[in-house]
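K.L.:
Take our numbering: the last position of the sequence shown gets the number 1060, and nothing is skipped along the way.
Cβ atoms here follow ideal geometry from the backbone N, Cα and C, with glycine treated the same way.
Note that this is a predicted model, so its numbers are computed, not measured.
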Amino acid sequence: MEEILINWSPQETRVAVVENAAVQELHVERTVERGLVGNIYLGKVSRVLPGMQSAFIDIGLERAAFLHVADVWHPPAEGETLSAARAAQRDTPQPIEKQVFEGQSLMVQVIKDPIGTKGARLSTQISIAGRLLVFLPQDDHIGVSQKIPLAERDALRQRLQNIVSQAVGEKKSGGFILRTNAEEATDAELAEDIAYLRKTWVRIKEASQRLAAKSLLHLDLNLLQRVLRDLVGERTGSIKVDSREQFEALRAFGQEFMPGAATKLELYKGERPIFDLYGIDEEVARALGRRVDLKSGGYLIVDQTEALTTIDVNTGGFVGARNFDDTIFKTNLEAAGAIARQLRLRNLGGIIIADFIDMTREDHREAVLAEFRKQLARDRVKTMLGGFSQLGLLEMTRKRTRESLAHMLCEPCPHCQGTGQVKTTRSVAYEILREILREARQFNPREFRVLAAPQVIELLLDEESQHLAGLSDFIGKPISLQSETSMWQGQYDIVLL
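1) Could you pull out every unbroken beta strand (DSSP E) segment of at least 3 residues lying fully inside the region 811–868, listed in chain order?
2) To which residues does DSSP link Gly1039 through a beta bridge?
3) Can you check which of these residues, Gln938, Ala898, Asp889, is closest to Thr923 by C-alpha distance?
4) Counting Cβ pairs closer than 8 Å, one from the region 617–631 and one from the region 692–700, do we hit at least three?
5) Which term fits Asp866, buried or exposed, when burial requires 16 or more other beta carbons within 10 angstroms of its beta carbon?
6) Can you tell me whether Ser572 is buried or exposed, with buried defined as 16 or more other CB within 10 angstroms of its CB?
7) For Gln1052 and Ser1035, what's the separation of their Cα atoms in angstroms?
8) Per DSSP, Phe919 is paired with what?
9) What is the DSSP secondary structure of Phe935, reduced to helix, strand or coil?
10) Cβ of Pro638 less than 8 Å from any chain C Cβ?
11) Can you round the beta-carbon distance between Ser806 and Lys827 to whole angstroms, since I take them to be within the 8 Å contact cut?
12) The beta strand (DSSP E) spanning Asp1063 covers which residue range?
13) In terms of DSSP beta bridges, what is Glu575 paired with?
14) Helix, strand or coil: which one does DSSP assign to Gln587?
15) Could you give the first and the last residue of the continuous alpha helix (DSSP H) run that contains Gln1018?
16) Run the CB neighbour count on Leu968, radius 10 Å, all protein chains shown included, and call it buried at 16 or more, exposed below.
17) If I measure Cβ to Cβ from Glu1027 and keep anything under 6 Å in the same chain, skipping five residues before and after, which residues do I get?
18) Do you know how far the Cα of Glu929 is from the Cα of Asn785?
19) When we look at the beta-carbon of Gln905 and count the other beta-carbons within 10 Å, is it buried (16 or more) or exposed?
20) Could you pull the start and end residues of the beta strand (DSSP E) that Ile757 belongs to?
21) Taking 8 Å as the cut-off, does the region 659–670 touch the region 589–605 (at least 3 CB pairs, one atom from each stretch)?
22) Hey, Glu582 and Glu565: beta-carbon distance below 8 Å or not?
23) Do you know how far the Cα of Thr576 is from the Cα of Tyr759?
24) Determine the closest residue to Thr1048 out of Val1019, Leu1023, Ile1042, with distance taken between C-alpha atoms.
25) Between Ala824 and Leu787, how many whole angstroms is the CB-CB distance? I'm expecting something under 8 Å.
26) Quick check for students: name the residue ranges of the beta strand (DSSP E) that lie wholly in the region 944–1025, counting only runs of 3 or more.
27) From what residue to what residue does the alpha helix (DSSP H) around Gln905 run?
28) Ordered along the chain, which non-local residues of its own chain (more than five positions away) have a Cβ less than 8 Å from that of Ala812?
29) As a quick exercise: from Phe1011, Leu685, Leu1044, pick the residue whose alpha carbon is nearest that of Leu1022.
30) Contact between the region 959–967 and the region 938–947: three or more CB pairs below 8 Å?
31) Thinking Asp750 and Ile767 are a contact (beta carbons under 8 Å), I'd like their distance in whole angstroms, please.
32) Going by the DSSP bridge assignment, what does Ala618 pair with across the sheet?
33) Leaving aside the five residues before and after Leu840 along the sequence, list all residues of the same chain whose C-beta is less than 7 Å from its C-beta, in chain order.
34) Should Ala917 be labelled buried (16 or more other beta-carbon atoms within 10 Å of its own) or exposed?
35) With H, G and I counted as helix, E and B as strand and the rest as coil, what does DSSP make of Asp875?
36) Would you mind sorting Met821 into buried or exposed? The rule is 16 or more other CB atoms within 10 Å of its CB.
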């Protein structure tokens, strides 16, 4: 069983999913930086780029959002079904310049938050998530979550089709996807969710006709509400909230829309902060580091770049197996579970390359791959995993819809600019000497004054004093040194007096 812990403050909401005393997921939402995924806007096309088959849409944010031709909904022609229109758009897509134009108002939905320097990614294919269903107002598709066993999907699909027909009549369009947590839902609960989603869509359409471009039409649920909608499942034992106000608000919301999840809510009344009691903050601190220690003595090295994430597996101090092949196999097997957990905890997305320790036996490789697939199956985010490459690397992708934990909680070091390295004091000292010589050839000041970090000044006064004196004699000008504690090691200034 898993526990969901909610730590609330006016400026930030943090949610941790804990299983077997280990944090599996961490979600953070800040009041001033609330995520945009799921929000629906009336946007205005600011620029169409035929060469990229994309358009920039102004939805009122700091940066223009991005719409690719693959995310443009293509309405069906007369007599054509929605499914056929979607297949035609996929096989022979119309150029984006024939579908949108500058100045046009478009109803769009955010499918990816702004990440780094990139704006939000949009789609004109609208979907509205409810407690049990996802409503597709522009589609006629009736689908079932792929996480539900294949043998049960056809019966559930037919059952949902019947409920949709009875609830809204045959003439009303719109498709639905049955969510995983709706597998055991009653017909009445499904009909209630259908009615709620249709009312929401009517309200959105009315707002799109009433409001000006760049307006927000629909705000997705906040993190606390999404906990009940998206995170609670059969394996959830309890949901502990450390704020009475938010507990009451969440209970009222849950009793109205998600009564099953609301029964698991508990108000945490302990004296210690809830995240301290469960050691969540220590786990988060470890999740921001490069090294992840394994119980066996091995470890992972996680390096995140803008394009991809690499994870290196090392045996470290693990020598417990009877032979070298078994040592490698057991380390890789443990690493498979640890990597899957780190992907969830750090919310790593995009291209991910795992460099497991080379295994000579094919059955070992297959076992590690099977274990990795099993662990990835628990992920709520869509993943795609290939096999081992010729170089022994395991390549995969994980859908990225929001910033990773590191990008959310940290920023590049102002000293090293994110490289993790700074110039040595000697390198900086020599750079200063070269810069003085360069300046002396262009200007004729009375004196050169060097302002630098204390350790650089100390080196120039001690080990490099002879070189400094020689340079002063060569240029015929005095050079004075001034220590500045506010400067970091690679920073300096040369003042011409």
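P.N.:
Considering the structure as presented:
1) 828–830, 854–856, 862–867
2) Walking along the sequence shown from the start, residue 1039 turns up at place 476. In DSSP, Gly1039 forms no bridge with anything.
3) Start at 1 with the first residue of the sequence shown, and residue 923 comes out as number 360. Checked all of Gln938, Ala898, Asp889; the closest Cα to Thr923 is Asp889.
4) no
5) Position 303 of the sequence shown, counting from 1, holds the residue named residue 866. Under this definition Asp866 is an exposed residue.
6) As a position in the sequence shown, residue 572 is number 9, starting the count at 1. Its Cβ having fewer than 16 others within 10 Å, Ser572 is exposed.
7) Residue 1052 sits at position 489 when you count from the first residue of the sequence shown. Residue 1035 sits at position 472 when you count from the first residue of the sequence shown. When rounded, the distance between both Cα atoms is 23 Å.
8) By one-based count along the sequence shown, residue 919 stands at place 356. BP columns for Phe919 are empty, so no partner.
9) To locate residue 935, count along the sequence shown from 1; it is residue 372. Here Phe935 sits in helix by DSSP.
10) Protein chains in the displayed structure number just one, and chain C is not present.
11) What you label residue 806 is simply residue 243 of the sequence shown in a count that begins at 1. What you label residue 827 is simply residue 264 of the sequence shown in a count that begins at 1. About 17 Å separates the two Cβ atoms, so there is no contact after all.
12) Because the chain here runs from 564 to 1060, residue 1063 falls outside it and cannot be looked at.
13) The residue labelled residue 575 in the question sits at position 12 within the sequence shown. Bridge partners of Glu575: Ser572, Arg593.
14) Within the sequence shown, the letter at position 24 stands for residue 587. Gln587: strand per DSSP, three-state reduction.
15) Counting from one through the sequence shown, the residue named residue 1018 turns up at place 455. Per DSSP, Gln1018 belongs to the alpha helix (DSSP H) from 1017–1024.
16) Within the sequence shown, residue 968 is the residue found at index 405, counting from 1. Leu968 should be labelled buried.
17) Walking along the sequence shown from the start, residue 1027 turns up at place 464. Taken in chain order, the residues that qualify are Ala992.
18) As a working mapping, residue 785 is identified with position 222 in the sequence shown. As a working mapping, residue 929 is identified with position 366 in the sequence shown. Roughly 41 Å between the two C-alpha positions.
19) Translated into positions along the sequence shown, residue 905 becomes position 342. Label assigned to Gln905: buried.
20) Counting from one through the sequence shown, the residue named residue 757 turns up at place 194. No beta strand (DSSP E) holds Ile757; the alpha helix (DSSP H) holding it covers 750–773.
21) yes
22) The residue labelled residue 582 in the question sits at position 19 within the sequence shown. The residue labelled residue 565 in the question sits at position 2 within the sequence shown. Contact: yes.
23) In the sequence shown, counting from the first residue as 1, residue 759 sits at position 196. In the sequence shown, counting from the first residue as 1, residue 576 sits at position 13. Each residue's alpha carbon lies about 27 Å from the other.
24) The residue labelled residue 1048 in the question sits at position 485 within the sequence shown. Checked all of Val1019, Leu1023, Ile1042; the closest Cα to Thr1048 is Val1019.
25) Looking up residue 824 in the sequence shown gives position 261. Looking up residue 787 in the sequence shown gives position 224. Actually they are not in contact, since the Cβ atoms of Ala824 and Leu787 sit about 12 Å apart, beyond 8 Å.
26) 946–951, 957–961, 1011–1015
27) Here the question's residue 905 lines up with position 342 in the sequence shown. From DSSP, the alpha helix (DSSP H) with Gln905 extends over 887–909.
28) For the purposes of this step, residue 812 is taken as residue 249 along the sequence shown, with counting starting at 1. Answer for Ala812: Leu787, listed in chain order.
29) Within the sequence shown, the letter at position 459 stands for residue 1022. Among Phe1011, Leu685, Leu1044, the Cα nearest to that of Leu1022 is on Leu1044.
30) yes
31) Numbered from its first residue, the sequence shown carries residue 750 at position 187. Numbered from its first residue, the sequence shown carries residue 767 at position 204. That belief does not hold up - the Cβ atoms of Asp750 and Ile767 are roughly 26 Å apart, past 8 Å.
32) Here the question's residue 618 lines up with position 55 in the sequence shown. Per DSSP, Val611, Leu630.
33) To locate residue 840, count along the sequence shown from 1; it is residue 277. So the qualifying residues of the chain are Gly833.
34) By one-based count along the sequence shown, residue 917 stands at place 354. So Ala917 ends up on the buried side.
35) Along the sequence shown, one-based indexing puts residue 875 at 312. In the structure shown, Asp875 sits in a strand (DSSP, three-state: E or B).
36) Position 258 of the sequence shown, counted from the first residue, corresponds to residue 821. The residue is buried, with at least 16 neighbouring Cβ atoms inside 10 Å.
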